[in-house]
Amino acid sequence: MTELGNILKEAREAKGLSLDELQSITKIQKRYLLGIEEGNYSMMPGKFYVRAFIKQYAEAVGLDPEQLFEQHKNEIPSTYNEELPEQLSRVQSRKSISPETSKVLDFLPKILIAIFMIGAIALVWYLIVESAGDGADQPANTDKSKPNFEETQEFTEDSGDDGTGEEGAAEEEEPAEEEAEPEAPAQELTVASNSGSNTVYELKSAETFVIKIVSLGQTWVGLSNGSGKTIFQETLVKGKNESRTEDLSNEAKAVINIGRAPDTEIYVNDQKLEYAVPPEQDMTQVITINFVK
-7 MTELGNILKE AREAKGLSLD ELQSITKIQK RYLLGIEEGN YSMMPGKFYV RAFIKQYAEA
53 VGLDPEQLFE QHKNEIPSTY NEELPEQLSR VQSRKSISPE TSKVLDFLPK ILIAIFMIGA
113 IALVWYLIVE SAGDGADQPA NTDKSKPNFE ETQEFTEDSG DDGTGEEGAA EEEEPAEEEA
173 EPEAPAQELT VASNSGSNTV YELKSAETFV IKIVSLGQTW VGLSNGSGKT IFQETLVKGK
233 NESRTEDLSN EAKAVINIGR APDTEIYVND QKLEYAVPPE QDMTQVITIN FVK
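For the sequence shown, position 252 matches number 244 in this note's numbering, and the numbering has no gaps at all.
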């Protein structure tokens, strides 16, 4: 038994609490509470749970968890910020590429407008040529000394009345204006499987994979990718650091470990994730999201 485990056990016994009663208060399984008292952290579901469970245990028996962490930091596994620099580097790389893509999209409307104008000029030229051809078929002017240019000009100006002038051109141009890009299908976030407190979701029909975690009170949260690399582990407190947003568009999977589900909301691309297991039923949950690109 470690010194920290002995302090927690003595505080529990001083309050007259059994492990079963403490389990009911903290919602932490009895075997994990016993593991904390014995200093057997290897039996925990993950290193990120150790601090969260010790914190809940200490609060339940009236001890200051932050003071315990400081006094016994050598006994408690530390997993914070292991992969954060690498993750920040990847995010920075993606952000530096985005402006290049946006420049190409800025030129696209100009190219379409240029093509439209060339087509309109070609159409007007074609109508003028056709009108000139129709005028050539008219009987020749009997007055050889003075060509009747005025009649030819009037014919050209009035040629739009029969549908071949500017009005007809406008009608032919309308379909080009009505063309629009098809709307992208709405994303699908569905439950693929569930086993106890572990739930697997699938994200489909989405271009991005942005996760936002919001605390409604005080909750411990850990986020890692499909390779098991830790992105962040943190206690989120409402009114202080109540939310955390991560762009995982280059990842195929995200694993979210939640220490207090009733006080935790998860958003995927601004869509709120609905818990498959009610938070009141299971306080600690593991949420896995597979990004199907």
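For each residue, glycine too, the CB sits at the ideal point set by N, CA and C.
Check	Outcome
Taking the alpha carbon of LYS245 as the point to measure from, which residue in TYR193, GLY251, ASN233, ILE(-1) has its own alpha carbon closest?	TYR193
Please confirm whether SER197 and GLU234 have their CB atoms less than 8 Å apart.	no
Which same chain residues, not among the five before or five after THR280, have their C-beta less than 8 Å away from its C-beta?	ASN190, THR191, VAL192, TYR193, LYS245, ALA246, VAL247, ILE248
Nearest to LEU14 by CA position, among GLU257, TYR49, GLU243, is which residue?	TYR49
Contact check, LEU332 vs LEU25 under 8 Å by CB: the rounded distance?	Missing from the structure shown is residue 332; the chain here goes from -7 to 285 and no further.
Excluding the 5 residues preceding and the 5 following VAL83 in the sequence, name in chain order all residues of the same chain whose CB lies nearer than 7 Å to its CB.	Caution applies to VAL83, whose pLDDT of 40 falls short of 50 and renders its modelled position unreliable; the model cannot decide the point.
Does DSSP put GLU58 in a helix, a strand or coil?	helix
Is DSSP giving ASN66 helix, strand or coil here?	coil
Name, in chain order, the residues that DSSP records as bridge partners for ILE250.	VAL213, GLN277
For GLU(-5), which option in TYR259, PHE61, ALA268, TYR118 has the closest C-alpha, if you only look at C-alpha atoms?	PHE61
Classify LEU195 as helix, strand or coil using the three-state DSSP reduction.	strand
Which two residues bound the contiguous alpha helix (DSSP H) that contains GLU51?	39 to 52
Could you give the first and the last residue of the continuous beta strand (DSSP E) run that contains GLN225?	222 to 229
On the DSSP bridge list, what partners appear for GLU180?	LYS196
Who does ASP239 pair with in a DSSP beta bridge?	VAL202
By DSSP, does LYS232 sit in helix, in strand, or in coil?	coil
Measure how close the beta-carbons of LYS204 and TYR259 come, nearest whole angstrom, since I'm counting them as under 8 Å.	4 Å
Determine the contact status of LEU195 and THR211, defining contact as a CB-CB distance below 8 Å.	no
Identify whether VAL121 lies in helix, strand or coil by the three-state DSSP scheme.	helix
Using a threshold of 8 Å, state whether the C-beta atoms of LYS47 and PRO37 are closer than that.	no
Going straight from the alpha carbon of TRP117 to that of PHE108, what length do you get?	14 Å
Sort GLN179, ASP262, GLY54 by Cα distance to VAL284 and report the nearest one.	GLN179
Over the uninterrupted beta strand (DSSP E) stretch that includes ILE258, give me the two end residues.	256 to 260
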